[in-house]
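Engineer:
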Ligand SMILES: [Fe+2]
């Protein structure tokens with residue numbers, strides 16, 4: 001039954017105290033229904049985020065996502081029609097205490113979803129890098145202006161690339177300095193170029209990636225790391241020849257693959273990278289001798305491919321010398337961070353979450369394919385003596401970046417200041 005207060009409407013006087021009260025109550029209840037709808041959407045987005053962190057193929061994920069997106073859109077309509085107008089009709093004079101029994105648990109869950117979103121928003125607003133990150137600089141490169149050409153190709157979702165405010169062609173080169181307690185003294189100043197999530201698909205033209213890799217190479221890093229998600233369309237595999245292929249670093253170039261490569265011909269992608277001289281870290285850890293010390297480089301593509309690497313900072317049975325002086329893990333997803341902390345890694349480099357790709361004002365990122373939701377979408381995080389750096393990556397299968405620029409990072413490692421220890 002629609003609980004319209006017909007008497008009030010028949011003798012409608014917009015300036016009467018009664019009408020004004022009904023109007024204000026309707027506005028307030030409308031806001032509550034809107035918040036509950038947002039909370040409901042957040043609950044399903046949490047499901048989308050977590051399922052996208054699991055080794056499920058993209059066709060299944062896409063179907064699931066479309067169903068959940070439909071549920072997210074339909075729920076507010078049902079909520080406003082039912083609770084707003086009929087049961088108990090809080091927009092037309094009804095009261096919340098008359099809410100039917102079966103709506104109560106649903107709306108309680110929606111409230112929890114809304115509170116969860118508020119928590120994520122506060123966490124985003126209050127984020128600041130850990131004290132180990134002592135310096136940050138960034139330089140914006142407007143790729144369209146730089147190359148003076150249209151960089152949108154014919155690949156999937158190319159229509160998104162031209163949307164207003166899209167920052168996909170506004171690349172941020174960040175330079176971050178980390179102080180790490182176990183860094184050998186004679187490694188002070190070691191630089192690592194951290195590149196992730198190129199997502200070659202044809203949607204962004206080859207020239208865009210060629211120029212980005214050329215600019216990245218100009219930083220002359222000691223070591224280059226690619227953290228996965230190279231290919232979304234196998235026809236673009238040849239792009240390696242003038243992108244990652246020619247890059248060089250004195251200590252080497254190391255890669256792992258990501259979940260998008262897993263959805264393609266990953267063996268072919270792996271081979272193509274190796275053919276250009278890149279070293280695959282997913283097979284086994286790599287022991288790098290540098291300035292008389294040992295850097296253990298390990299990589300993991302789990303949970304999509306392979307397993308978690310089995311190296312630890314242990315002592316040999318013969319002497320008490322450690323088997324490695326510094327442990328670096330490249331993990332496509334930041335979800336392996338807590339495992340890496342337990343294993344005693346010094347530095348973890350990740351990508352995968354793309355910074356959320358779309359960030360809302362105040363709220364920040366909402367979508368992130370991680371078991372931790374939006375917690376590790378991008379930035380630097382410290383836990384114990386382990387530091388995690390998550391790159392926002394360069395691209396994505398969806399070429400859309402709102403308030404979330406593509407990123408390539410040059411990381412400079414320093415020994416810890418004695419004063420800061
Ligand atoms: Fe990616």
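In UniProt numbering, the protein residues as written are 1 to 421. In this text, a Cβ means the ideal position worked out from N, Cα and C, and glycines have one as well.
Which residue or residues does DSSP assign as beta-bridge partners of residue 402?
Structural biologist: Within the chain shown, numbered from 1, the residue matching residue 402 stands at position 402. Bridge partners of residue 402: 358.
Engineer: Determine the extent of the beta strand (DSSP E) in which residue 340 is found, giving its start and end residues.
Structural biologist: What you label residue 340 is simply residue 340 of the chain shown in a count that begins at 1. That residue, residue 340, is in no beta strand (DSSP E); its alpha helix (DSSP H) goes 337-343.
Engineer: Where residue 414 and residue 52 are concerned, what is the direct C-alpha to C-alpha distance, given to the nearest angstrom?
Structural biologist: Residue mapping note: residue 414 aligns to position 414 of the chain shown, counting from 1. Residue mapping note: residue 52 aligns to position 52 of the chain shown, counting from 1. Each residue's alpha carbon lies about 35 Å from the other.
Engineer: Buried or exposed: which applies to residue 287, given that a residue is buried once 16 or more other Cβ atoms fall within 10 Å of its Cβ?
Structural biologist: Here residue 287 corresponds to residue number 287 of the chain shown, with the count starting at 1. It counts as exposed.
Engineer: If you pair each beta-carbon of the region 198-217 with each one of the region 149-169, do three or more pairs fall below 8 Å?
Structural biologist: They touch, by the three-pair rule.
Engineer: Just checking residue 335 against ligand 1 - is the residue's beta carbon closer than 7 Å to any of the ligand's heavy atoms?
Structural biologist: Taking the first residue of the chain shown as 1, we reach residue 335 at position 335. The answer is no for residue 335.
Engineer: Compute the minimum distance between the beta carbon of residue 393 and the heavy atoms of ligand 1, and state whether it is under 7 Å.
Structural biologist: Here the question's residue 393 lines up with position 393 in the chain shown. Flag set: Cβ of residue 393 near ligand 1.
Engineer: Residue 341 and residue 300 - do their beta-carbons sit closer together than 8 Å?
Structural biologist: Indexing the chain shown from 1 puts residue 300 at position 300. Indexing the chain shown from 1 puts residue 341 at position 341. No.
Engineer: Closer than 7 Å by C-beta to residue 162: which residues in its own chain qualify, once you throw out the five before and the five after it? Chain order, please.
Structural biologist: Position 162 of the chain shown, counting from 1, holds the residue named residue 162. The residues are 152.
Engineer: Three-state secondary structure (DSSP) at residue 298?
Structural biologist: Indexing the chain shown from 1 puts residue 298 at position 298. If DSSP states are grouped into helix, strand and coil, residue 298 belongs with the strands.
Engineer: Any heavy atom of ligand 1 within a distance shorter than 7 Å of the CB on residue 189?
Structural biologist: The residue labelled residue 189 in the question sits at position 189 within the chain shown. Residue 189 Cβ: outside cutoff for every heavy atom of ligand 1.
Engineer: Following the continuous beta strand (DSSP E) through residue 289, name the residue where it begins and the one where it ends.
Structural biologist: For the purposes of this step, residue 289 is taken as the residue at position 289 of the chain shown. 286-290 is the extent of the beta strand (DSSP E) around residue 289.
Engineer: Let me check you understand the geometry: is the CB of residue 87 closer than 7 Å to at least one non-hydrogen atom of ligand 1?
Structural biologist: For the purposes of this step, residue 87 is taken as the residue at position 87 of the chain shown. Incorrect: residue 87 has no Cβ contact closer than 7 Å to ligand 1.
Engineer: How would you label residue 57, buried or exposed, when you count the other beta carbons within 10 angstroms and need 16 or more for buried?
Structural biologist: In the chain shown, counting from the first residue as 1, residue 57 sits at position 57. Exposed, since its Cβ has fewer than 16 Cβ neighbours within 10 Å.
Engineer: Could you tell me whether any non-hydrogen atom of ligand 1 is closer than 7 Å to the CB of residue 229?
Structural biologist: Residue numbering aside, residue 229 sits at position 229 when the chain shown is read from its first letter. Yes, ligand 1 has a heavy atom inside 7 Å of this Cβ.
Engineer: If the criterion is Cβ atoms closer than 8 Å, does the pair residue 216 and residue 256 meet it?
Structural biologist: As a working note, residue 216 is residue 216 in the chain shown. As a working note, residue 256 is residue 256 in the chain shown. No, Cβ-Cβ distance for residue 216 and residue 256 is not below 8 Å.
Engineer: Quick check: residue 410 and residue 219, are their CB atoms within less than 8 Å of each other?
Structural biologist: For this step, residue 410 is matched to residue 410 along the chain shown. For this step, residue 219 is matched to residue 219 along the chain shown. Closer than 8 Å, so yes.
Engineer: Ligand 1 heavy atoms versus the CB of residue 57: any closer than 7 Å?
Structural biologist: Indexing the chain shown from 1 puts residue 57 at position 57. It does not: the Cβ of residue 57 is nowhere closer than 7 Å to a heavy atom of ligand 1.
Engineer: Between 223, 212, 377, which has its C-alpha nearest residue 192's C-alpha?
Structural biologist: One-based indexing of the chain shown puts residue 192 at position 192. Of 223, 212, 377, the residue nearest in Cα terms is 223.
Engineer: Does DSSP put residue 101 in a helix, in a strand, or in coil?
Structural biologist: Translated into positions along the chain shown, residue 101 becomes position 101. If DSSP states are grouped into helix, strand and coil, residue 101 belongs with coil.
Engineer: What do you reckon, is the C-beta of residue 338 under 7 Å from a heavy atom of ligand 1?
Structural biologist: Numbered from 1 along the chain shown, position 338 holds the residue referred to as residue 338. The answer is no for residue 338.
Engineer: Within 8 Å, do at least three Cβ pairs link the region 377-391 to the region 104-123?
Structural biologist: They do not touch, by the three-pair rule.
Engineer: For residue 377, is the classification buried or exposed, using 16 other Cβ atoms within 10 angstroms of its Cβ as the cut-off for buried?
Structural biologist: Within the chain shown, residue 377 is the residue found at index 377, counting from 1. With 16 or more Cβ atoms within 10 Å of its Cβ, residue 377 is classed as buried.
Engineer: On a CA-only basis, which of 69, 304, 363 is nearest residue 44? Give me that one, please.
Structural biologist: Working through the chain shown from its first residue, we reach residue 44 at position 44. It is 69 whose Cα lies nearest to the Cα of residue 44.
Engineer: When DSSP labels each residue in this structure, what does residue 416 get in the three-state scheme?
Structural biologist: As a working mapping, residue 416 is identified with position 416 in the chain shown. Looking at residue 416 - three-state DSSP - the assignment turns out to be coil, as it is neither helix nor strand.
Engineer: Measure the Cβ-Cβ separation of residue 144 and residue 173 and say whether it is below 8 Å.
Structural biologist: Within the chain shown, residue 144 is the residue found at index 144, counting from 1. Within the chain shown, residue 173 is the residue found at index 173, counting from 1. Not a contact, by the Cβ cut-off of 8 Å.
Engineer: With a 10 Å radius around its C-beta and 16 neighbouring C-beta atoms as the bar for buried, classify residue 179 as buried or exposed.
Structural biologist: Indexing the chain shown from 1 puts residue 179 at position 179. So residue 179 counts as buried.
Engineer: Under a Cβ-count criterion, where at least 16 other Cβ atoms within 10 Å of its own Cβ denotes burial, should residue 429 be classed as buried or exposed?
Structural biologist: The question about residue 429 has no answer, for the chain in this structure spans 1 to 421.
Engineer: Using 8 Å as the cut-off, can you tell me whether the region 70-85 makes contact with the region 29-47, which would need three or more C-beta pairs spanning the two stretches below that distance?
Structural biologist: The region 70-85 is in contact with the region 29-47.
Engineer: Check whether the region 226-245 touches the region 274-283, counting contact only when three or more Cβ pairs, one atom from each stretch, lie closer than 8 Å.
Structural biologist: Yes, the region 226-245 is in contact with the region 274-283.
Engineer: What does a CB cutoff of less than 8 Å around residue 339 pick up in its chain, not counting 5 residues either side in sequence?
Structural biologist: The sequence position of residue 339 within the chain shown is 339, counting from 1. Excluding residues within five positions, the ones whose Cβ falls inside 8 Å are 308.
Engineer: Do you know whose CA, among 290, 395, 262, lies nearest residue 250's CA?
Structural biologist: Position 250 of the chain shown, counting from 1, holds the residue named residue 250. Out of 290, 395, 262, 290 has the C-alpha closest to the C-alpha of residue 250.
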